[in-house]
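Numbering (my numbering), first residue to last: 763 to 1648.
The beta-carbon is built from N, C-alpha and C at its ideal position, and this holds for glycine as well.
To keep things clear, I will list the structure first and then write my remarks on it.
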Ligand SMILES: Nc1ncnc2c1ncn2[C@@H]1O[C@H](COP(=O)(O)OP(=O)(O)OP(=O)(O)O)[C@@H](O)[C@H]1O
Ligand SMILES: [Mg+2]
């Protein structure tokens, strides 16, 4: 079939007639009367008018008149007034960067003159009379009369009067489309009303000209305040529901200030009303609108449609005003962060609103993150533009705001409101371990990678990566540990669980059989205080405090963990059966620069607020095996003490360096057996540990005859190498850590990091294996850092395991029937009382050893906050609200 189109001749391209170009361009800028009015209003405001009157006939289609008392227009500028791209407001494009006027294009009057008949009467203060001029299509016109088109002198006041008649007389289809004059007039009123609110101090009026109209529809005086104008324009119920909010971040990277009024939870419009002014421009912004709507729907059960007046001032250089023909949009830097700040500020006033009768927090994460945010504000005030934000604006990056943090605030009785307690439950504050778990980046005390195997070693999948790294530098593996970056590039690794000690239960079993006496076992229960339930004495607090703060003497506490006790007899064991001795000795002053540097580094990353909370807290109770509640001021917080304890022990490893007490193991187990136990659990042992052991510096050590490399390639050999390494450094370990190892490889004692606190000994084999394979023993500072980190991991709280019968084949000849403890369901045990004793001991240690220590000089690192180790659960003012009407 023949293609007809291909036979047609193309039309020639021709330049459009100027009048057509201008009319098309004008049609883009002036859609309807209210657009024209907006332009005219802005011109009056740019002319610093303090009084503006608007008159409209037939919805502004027939007549739109605006009279202002601004500075007027010079007589000689009148011929240019309506020519396109003529303006008095900018001279160069760069001026846009600091634009402070509404106008800058020189297009508004020109556009109007291309779609309507435009007349101007203007008088400057230095002129003896006013001048009147008429315009059509951008040029002066005689307006159909035979006179010339020159401006004519006339009587008039200072200021400018612009009369727009017969709008769209030359665009009939648009005129046709805008026939509903009432609707057009209400749009005019809407524009006038919004500008009147924003420009309180400028008296504005708007009136419709018609046979039955009486008086002004809008009439504000110079003295009217914004709430009064809102009341006049939007009605009393809205005005009565308003809460004021404001925030000044002008000194921050956001360079922003904002203020406004937001309706409370009682009031609801038919639809959201957002009066948004950015740098005084009335604009639209869908992100702000939806964030505000989301805030109301997540805060109030009925998801009311809010009324919000919001004025944002941003440094002009950060705003691009030239993005829309009608200037109804602007682009600005840091939009997400600014929106977060705005939403937070509104949320803050809503939470404290005395009119919100049904105020609920439907998303508990918000308050938690809000708390976290409070520090980010400090960051904003400094430099960091990257922020985190709460779940209420999931779509955004988040950020913090100290306005959101519930610092104890006095709330007047009149502010008490009712809340729906059904929406609260403690459980709702417990975050999924998965989502809430910390990123290990940046935690100096967490250098462990997250590997797939129970002990936390790399699986074979990751091995290649490690080898690749090692091929470049023998030390690369060690340096990886602090930053995780090369390792965590493996997605699999990121997803792998952290080493779980619950998987190590069999170590315990084996450990019990690995002591010098084959039939003995270690009693690892936290032995030293069986009188659980007693409150810690003030004396204890003092002693702990002494441990954490510098003093001239140190109390060397020695406790003995009896490793020859059958675990089943624990319940009968009395505290006096454990030896605890104390002797005073002068406190060793540490001068090692590496330790001093590490201490300084630790102090630098402290999170002031969380540190203060822990320092001044009152212990409330334990929630589960990793969380407890503490009170600070009028706020209740949930603290993940497992994570916090790890940080505490890292700090103690630095601050108590050279001054530790010791926990004696009696009889002393063989290091070799312990390491071998740990190795035996390493599922994917594949020669990797050998290379790690190599990296620790074992083969460079000249203090002893190294074991031939071939032997080290077996688990036995690795264990031997690790023992040799530890034994070779035993003097240093003893001096610095009270970590005592005999020459023939028996572990006599481990440091007592916190008085009367014994770590969960199931972690001991892993600890030994890790210090032998993961720690760099060659570089002094790195060693102290990594060793401290391993100590922290070892000593961090770990609930006791349960005792269960199990027969395990021991490596080598012996088959030993042992009890093992598994952190599992009580119904498996039949030993509930024993379990409850162990758990009591555990909770006791948490409450009376750990938490008091947190009050005594612990610097909580910011990473703990970032990893959700603390959640704000409630604060008293809000609880008052709940109980007020009960
Ligand atoms: N009410 C007024 N009082 C004093 N001068 C005015 C008034 N209206 C307009 N002008 C003058 O006329 C010029 C042109 O106005 P017009 O609105 O067309 O352009 P603009 O305001 O400069 O830029 P834009 O097109 O972005 O609004 C202005 O620059 C200003 O000097
Ligand atoms: Mg203008």
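Best match in the options for proximity to residue i [C-alpha to C-alpha]
i	options	result
residue 1515	1414, 1502, 1524, 815	1414
residue 1020	940, 1102, 777, 1534	1102
residue 924	887, 1090, 883	883
residue 1420	1064, 1349, 1551	1349
residue 1036	896, 1104, 1098, 1077	1104
residue 1068	1055, 1481, 838	1055
residue 902	842, 864, 861, 860	842
residue 1100	1509, 1088, 1077, 1087	1077
residue 1392	1402, 1379, 1404	1379
residue 833	818, 850, 820, 827	850
residue 1080	1060, 984, 912, 1017	1017
residue 954	822, 1603, 868, 1356	822
residue 1492	1477, 1482, 1478, 1508	1508
residue 1531	1517, 1436, 951	1436
Residue i and residue j closer than 8 Å at C-beta
i	j	result
residue 866	residue 858	yes
residue 1513	residue 1424	yes
residue 967	residue 980	yes
residue 894	residue 914	yes
residue 1107	residue 1070	no
residue 844	residue 880	yes
residue 803	residue 947	no
residue 1632	residue 1372	yes
residue 1558	residue 1408	yes
residue 962	residue 987	yes
residue 1387	residue 1561	yes
residue 806	residue 922	yes
residue 1480	residue 1505	no
residue 1485	residue 1433	yes
residue 852	residue 830	no
residue 1540	residue 1426	no
residue 959	residue 995	yes
residue 799	residue 1040	no
Residue i Cβ short of 7 Å to ligand 1 heavy atom set
i	result
residue 866	yes
residue 838	no
residue 862	no
residue 919	no
residue 797	no
residue 1082	no
residue 900	no
residue 832	yes
residue 848	yes
residue 809	yes
residue 775	no
residue 858	no
residue 922	yes
residue 769	no
Burial state of residue i, where buried means 16 or more other Cβ atoms lie within 10 Å
i	result
residue 931	exposed
residue 1605	buried
residue 772	exposed
residue 1547	buried
residue 1134	Its pLDDT being 32, under 50, residue 1134 is placed unreliably by the model, and the measurement read from it follows with that caveat. Looking at its Cβ environment, which holds 16 or more other Cβ atoms inside 10 Å, residue 1134 is buried.
residue 909	exposed
residue 1262	Per-residue confidence for residue 1262 stands at a pLDDT of 35, beneath the threshold of 50, marking its modelled position as unreliable; no derived number is given.
residue 1013	exposed
residue 939	exposed
heavy atom of ligand 2 below 7 Å from residue i C-beta
i	result
residue 801	yes
residue 932	no
residue 870	yes
residue 961	no
residue 804	yes
Residue-chain proximity (residue i, chain D), Cβ-Cβ < 8 Å
i	result
residue 1529	Of the chains in the structure shown, none is chain D; there is only one protein chain.
Please give the ranges of any beta strand (DSSP E) in the region 803–870, keeping only runs that are unbroken, at least 3 residues long and fully inside the region. Secondary structure within the region 803–870: the beta strand (DSSP E) runs of 3 or more consecutive residues, fully enclosed, are 813–819, 825–830 (chain order).
For the region 1508–1549, which segments carrying the beta strand (DSSP E) assignment without a break, of at least 3 residues, lie completely within its bounds, in sequence order? 1509–1514
Ignoring anything shorter than 3 residues, give me the beta strand (DSSP E) runs that lie fully in the region 1031–1094, in order along the chain. 1035–1040, 1069–1076
Every unbroken beta strand (DSSP E) inside the region 1472–1499 [3 residues or more]: none
What are the complete beta strand (DSSP E) segments, minimum 3 residues, inside the region 952–1007? 965–971
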